[in-house]
Amino acid sequence: MIALSGVAKAFGSKRVLAGVDLSVARGESLVIIGGSGTGKSVTLKCVLGLIVPDAGRILVDGQDAVAARGRAREAMLDKFGMLFQGGALFDSMLVWENVAFRLLRGQNRLGRAEARETAIEKLKRVGLTAETADLFPAELSGGMQKRVGLARAIATTPEIIFFDEPTTGLDPIMADVINDLIREIVVEMGATAMTITHDMTSVRKIADRVAMLHEGVIQWAGPVGEIDTTENPYVHQFVNGLPDGPIAAVR
Amino acid sequence: MPAAIRLVQGFLASIGAAVLGLCQTTGSLTLFALDGVSHVLRPPWYPMEFARQLLRIGYFSLPVVGLTALFTGGALALQIYAGGARFNAESVVPSIVAIGMVRELGPVLGGLMVAGRVSASIAAELGTMRVTEQIDALWTLSTNPMKYLVAPRLLAATLAMPALAFVGDVIGIMGGFAVGVARLDFNPAVYIDTTWRFLETGDITSGLIKAAVFGFIIALMGCYQGYRSGRGAQGVGRATTNAVVSASILILASNYILTEALFPA
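Right, dumping it as structure tokens:
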């Protein structure tokens, strides 16, 4: 479904990705782990075309994601849903308008009443009441904003969903709720999911497969069941949160 | 000797870097402007966004532009009266106030005031959207932000600014009239008659053309700076300042060029 080969990206003299090879099968949930600033977000943004890689190929459903422009790119992006770290809700719009953003625009747009109904249905799916639909995003708590972001990401039942640090900034209980929701929704929609996180609870909850990104390359990739038994020193250090190992900890 | 050479090299390199930076900025601004204009011309359009921006940029700028024009017109009348009195030409006050407002001060001062208001708010809004990933989110929702955010603002400002300048012209002339009648003892009927007699259509249209260009510059600089805003509160703050400063300077520079083009000596 998604295949990256040799993807490299540098910002000025800072090399962030140095040849990432990664593939995600249809219906699979892949979680990318790695420390802060190791290029996890850059990887996702390269797939979405928000950042153009310096080298390498990215295929989505066999289509070249980097070369796609204009209409072809919009058609490709129609397959995607994305939950941003901070929610990235449009603060000039009501909650339901945020959720229905895509339903109100584009080729197969719905009428406002119909779009609103769908939006409320999606809000209920993520555990929010119909009353929240008419609030502004700024009136919601962080956890509720994440839920709205999730509802927006799944509003058009996309084939591929990206989650950028879905539990960052949430309390442990809310984080657990969001993890469960992500797992349920991905399974129920049969979607292909790619998540980036450094929260190990989240990894164990939502991953089928795990990939460890460090120093711009994938150091290890394997089934989630193997993260505790693998001999890979990077994964071992990261999963167990050890101060000593190949990953230098800056104090 | 090597130390001296290094000093000269460093000096030349810093000049070179500044020139390269200027070329780079000019290039990326030009590409941004062309991209923005191309989206104004190509569907899909977002009429609701356009209407919202027209209201925000045009309608809500009326008080600022109106007050600016009113006081400028009044001051202009006093100045020209005082200057004209030196060679017994007090009677030129109405026509010079009208021509000065319509050709120059209405569009330029109005443009500068709107630049302060609108460029800053566009840059802050788009900059915040950039920082909070809302612009990225638009992409992932299959919506091109150049089309959804930039194009409506460019079009709205380019159309609203001439209308604002026109209102400013009228209010400015009224300000001159009020001062002329109340302070300088002009006969109201004669004042209005003189204003009309010497004002030509070309004076008005040239001012409105200038205003349209200024409107485009105002939205362009706000969008460009906001869209490329750096991270955090500092990045947005810098984008806002840069937007106002660059819009103001570009308005003044283009005003000279447009005046040369519209009224060749």
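Respectively, the protein sequence lines represent chains A and B. Under the numbering used here, the residue at position 242 of the first sequence is numbered 245, and the numbers go up by one with no gaps. Under the numbering used here, the residue at position 219 of the second sequence is numbered 288, and the numbers go up by one with no gaps. From the three backbone atoms N, C-alpha and C, an ideal C-beta is built for every residue, glycine too.
query: Min CB distance residue 203 (chain A) to chain B below 8 Å; result: no
query: Reduced DSSP category for residue 223 (chain A) - H, G, I as helix; E, B as strand; rest coil; result: strand
query: Pair within 8 Å by beta-carbon distance, residue 36 (chain A) and residue 241 (chain A); result: yes
query: Beta-carbon proximity of residue 32 (chain A) to residue 209 (chain A), cut-off 8 Å; result: yes
query: Any 3 or more C-beta pairs closer than 8 Å across the stretch 170-183 of chain B and the stretch 276-294 of chain B; result: yes
query: Extent of the continuous beta strand (DSSP E) run through residue 11 (chain A); result: 5-14
query: Whole-Å CB distance - residue 50 (chain A) paired with residue 61 (chain A), under 8 Å assumed; result: 6 Å
query: Residue environment, residue 150 (chain B), which counts as buried when at least 16 other CB atoms sit within 10 Å; result: buried
query: Other residues of its chain near residue 196 (chain A): CB distance less than 6 Å, five sequence neighbours each side excluded; result: 32, 164 and 189
query: As assigned by DSSP and simplified to three states, the class of residue 102 (chain B); result: helix
query: Cα-Cα separation between residue 162 (chain B) and residue 222 (chain B), rounded to whole angstroms; result: 38 Å
query: is_contact[residue 142 (chain A), chain B] using C-beta, thresh 8 Å; result: no
query: Contacting residues, own chain, Cβ-Cβ under 8 Å from residue 135 (chain A) (five flanking each side not counted); result: 98, 126, 143, 147 and 151
query: Nonlocal neighbours in the same chain, by C-beta distance under 8 Å from residue 193 (chain B), ignoring five residues either side; result: 295, 305, 308 and 309
query: Spatial distance of residue 219 (chain A) from residue 195 (chain B) (CA atoms); result: 31 Å
query: Other residues of its chain near residue 331 (chain B): CB distance less than 6 Å, five sequence neighbours each side excluded; result: 275
query: Short Cβ contact (8 Å threshold) for residue 286 (chain B) with residue 183 (chain B); result: no
query: Paired residues, beta bridge with residue 32 (chain A) - DSSP; result: A:196
query: Chain B residues whose Cβ lies nearer than 9 Å to that of residue 87 (chain A); result: 201, 202, 203, 205, 206 and 209
query: Cβ-Cβ distance between residue 147 (chain B) and residue 169 (chain B) below 8 Å; result: no
query: Neighbour-count burial assignment, residue 122 (chain B), 16 or more Cβ in a 10 Å radius; result: buried
query: Close-in-space but distant-in-sequence residues of the same chain around residue 101 (chain B) (CB under 6 Å, 5 per side omitted); result: 293
query: Contact under 8 Å by Cβ, residue 28 (chain A) with residue 201 (chain B); result: no
query: Contact residues within the stretch 164-192 of chain A, judged by C-beta distance below 7 Å to chain B; result: none
query: Span separating the alpha-carbon of residue 247 (chain B) from that of residue 268 (chain B); result: 18 Å
query: Through-space distance from residue 263 (chain B) to residue 104 (chain B), alpha-carbon basis; result: 47 Å
query: Exposure of residue 198 (chain A), with buried meaning 16 or more beta-carbon neighbours within 10 Å; result: buried
query: Min CB distance residue 212 (chain B) to chain A below 8 Å; result: yes
query: Selected residue, minimal CA-CA separation from residue 185 (chain B), among B:77, B:291 and B:152; result: B:291
query: Start and end residues, alpha helix (DSSP H) containing residue 321 (chain B); result: 301-331
query: At least three beta-carbon pairs within less than 8 Å, the stretch 244-259 of chain B to the stretch 308-326 of chain B; result: no
query: Rounded straight-line distance, which links the Cα of residue 238 (chain A) to that of residue 232 (chain A); result: 10 Å
query: Residues, ordered as in the chain, of the stretch 95-106 of chain A that lie near chain B by beta-carbon distance below 7 Å; result: 104 and 105
query: C-beta atoms of residue 135 (chain B) and residue 240 (chain B) nearer than 8 Å; result: yes
query: Alpha-carbon to alpha-carbon, residue 119 (chain A) and residue 21 (chain A); result: 44 Å
query: C-beta contact flag for residue 179 (chain B) and residue 234 (chain B) at 8 Å; result: yes
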